[in-house]
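Right, one structure below, let's go through it.
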Amino acid sequence: MPPQPPAAAPWRALFLSGLEKSSASSFTLSTIAHSNNPAKPPVPRARTVEFRGFFPKPASSLHQSALDALKAQGIGLNPEVYESELFAITTDRRMGKVGQIAGSGASGDSRGGEGGEEAVEGVFWFEEGVMTQWRVRGKGVTIGGDGAGEEGVRQRIFRRMRVVEGANRESISEEVKKWEWERQVTTYFASHTPAMRGSYKNPTPGTPRSQNPSNPQWKLNQKVEDLQDPAARENFRVLVILPEEVERLDLSNPEDVRRTRWTFVEDESGGKWEETELWP
Ligand SMILES: Cc1cc2nc3c(=O)[nH]c(=O)nc-3n(C[C@H](O)[C@H](O)[C@H](O)COP(=O)(O)O)c2cc1C
1 MPPQPPAAAP
11 WRALFLSGLE
21 KSSASSFTLS
31 TIAHSNNPAK
41 PPVPRARTVE
51 FRGFFPKPAS
61 SLHQSALDAL
71 KAQGIGLNPE
81 VYESELFAIT
91 TDRRMGKVGQ
101 IAGSGASGDS
111 RGGEGGEEAV
121 EGVFWFEEGV
131 MTQWRVRGKG
141 VTIGGDGAGE
151 EGVRQRIFRR
161 MRVVEGANRE
171 SISEEVKKWE
181 WERQVTTYFA
191 SHTPAMRGSY
201 KNPTPGTPRS
211 QNPSNPQWKL
221 NQKVEDLQDP
231 AARENFRVLV
241 ILPEEVERLD
251 LSNPEDVRRT
261 RWTFVEDESG
271 GKWEETELWP
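Quick note on numbering: full-length UniProt numbering labels position 199 of the sequence shown as 199, and the sequence is numbered without any gaps.
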């Protein structure tokens, strides 16, 4: 059983209700890009990404065809025993953001996440009927590879997970034993359409189109039914944001603009959120 951080974050319900009302599904994710040349300063990078919900994605949120594929291919479904306020997105390890949070320069030398390389900020704008901006600052980590560093990352994620509220403590201790990390990553992969899964076998994103892919398996418009397709899974990653500071700017009432900051303070019991009301 993971340590039990206090119940849901105080901003969780507000955030989820804004997300639902505005029908927003994407946000802007920024990272810091370091140059291999120490004389050059780090620069910001930002892009649009699709929010895949809080980690771990529950199997019940999947489309029926994804559930069928998970069962038919012998992977099965993780029990819905955990929840968190960790923001998840899916991505391709060959894209810039993955190297940027790992702190590797163009030469691929890893700085191992030291010196703030994991720093990310996500910005959501919930417009329709909500008029609220959310900024999420914290650390970005990836899972889905079999790299040596994965165990440490899993532990960091695990420390911020909790058993679902209201769960029966007796039966849940049996259920949590059936929960597996690999199956969770595959659940995210399964949540994509076969065409989207195929994009993980595209030629290397961001390289010149005039260059032939170094791997002959990398082509556009492939469809992947096999959830363990080695070439696609080699590149597929789940990027998890461990939020440290969440800020809400509520513009819904122009005469009473509200800006609220919640800061996560880790402690022995897992951690707690401290709320501060700010001048807008
Ligand atoms: C609406 C929309 C949603 C997107 N969702 C994702 C996503 O979930 N994950 C992702 O890696 N890229 C996504 N992209 C593509 C990114 O914006 C970006 O082009 C790509 O990730 C490469 O960026 P990078 O090299 O800076 O990492 C999305 C783009 C748009 C316009």
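Ideal placement from N, C-alpha and C gives every residue a C-beta, glycine not left out.
Every value quoted in this text rests on a predicted model; they were computed, and no experiment measured them.
Inter-residue CB distance, residue i and residue j (contact presumed, cutoff 8 Å)
i, j, result
"Thr28", "Val120", "No, Thr28 and Val120 are not in contact; Cβ-Cβ is about 11 Å, not under 8 Å."
"Arg137", "Glu245", "4 Å"
"Ala7", "Glu165", "6 Å"
"Ile143", "Val185", "6 Å"
"Pro243", "Phe264", "6 Å"
"Asn78", "Trp218", "Not confirmed; about 30 Å, so no contact."
Element boundaries [alpha helix (DSSP H), containing residue i]
i, result
"Val43", "First-last for Val43: Val43 to Glu50, but that is the beta strand (DSSP E), not the alpha helix (DSSP H)."
"Val30", "Note that residue 30 is Ser in the sequence shown here, rather than Val. No alpha helix (DSSP H) holds Ser30; the beta strand (DSSP E) holding it covers Ser26 to Ala33."
"Glu255", "Per DSSP, Glu255 belongs to no alpha helix (DSSP H) and is neither H nor E."
"Glu151", "Glu150 to Phe158"
"Met196", "Pro194 to Gly198"
"Thr187", "Trp181 to Ala190"
"Lys21", "Arg12 to Ser22"
"Arg209", "Run containing Arg209: none; DSSP gives neither H nor E here."
"Ser171", "Arg169 to Glu175"
Proximity below 8 Å, CB of residue i to CB of residue j
i, j, result
"Gly145", "Arg237", "yes"
"Ala66", "Ala195", "no"
"Phe54", "Leu86", "yes"
"residue 281", "Val130", "Examination of residue 281 is not possible in this model, given that the chain is present from 1 through 280 alone."
"Glu80", "Ser60", "yes"
"Gly140", "Leu19", "no"
"Arg52", "Asn235", "no"
"Arg259", "Glu274", "no"
"Gln133", "Arg45", "no"
"Val224", "Gly198", "yes"
"His34", "Gly103", "yes"
"Arg159", "Gly270", "yes"
"Leu227", "Ala69", "yes"
"Trp181", "Arg154", "yes"
"Glu128", "Ser17", "no"
"Thr90", "Val98", "no"
"Leu187", "Lys57", "First, the residue type needs correcting, since residue 187 is Thr and not Leu in the sequence shown. Contact: yes."
Run of the beta strand (DSSP E) containing residue i, from where it starts to where it stops
i, result
"Val265", "Arg258 to Val265"
"Trp134", "Thr132 to Ile143"
"Pro243", "Phe236 to Asp250"
"Phe126", "Ala119 to Phe126"
"Leu278", "Lys272 to Leu278"
Can you list every residue whose CB sits closer than 7 Å to some heavy atom of ligand 1, going in chain order?
Ser26, Arg45, Arg47, Thr48, Val49, Glu50, Ile89, Thr90, Thr91, Asp92, Met95, Gly96, Lys97, Val98, Pro205 and Gly206
Which runs of the alpha helix (DSSP H), 4 residues or longer, sit entirely within the segment 61-111?
The DSSP assignment places complete alpha helix (DSSP H) segments of no fewer than 4 residues inside the segment 61-111 at 64-72 and 96-102, in order along the chain.
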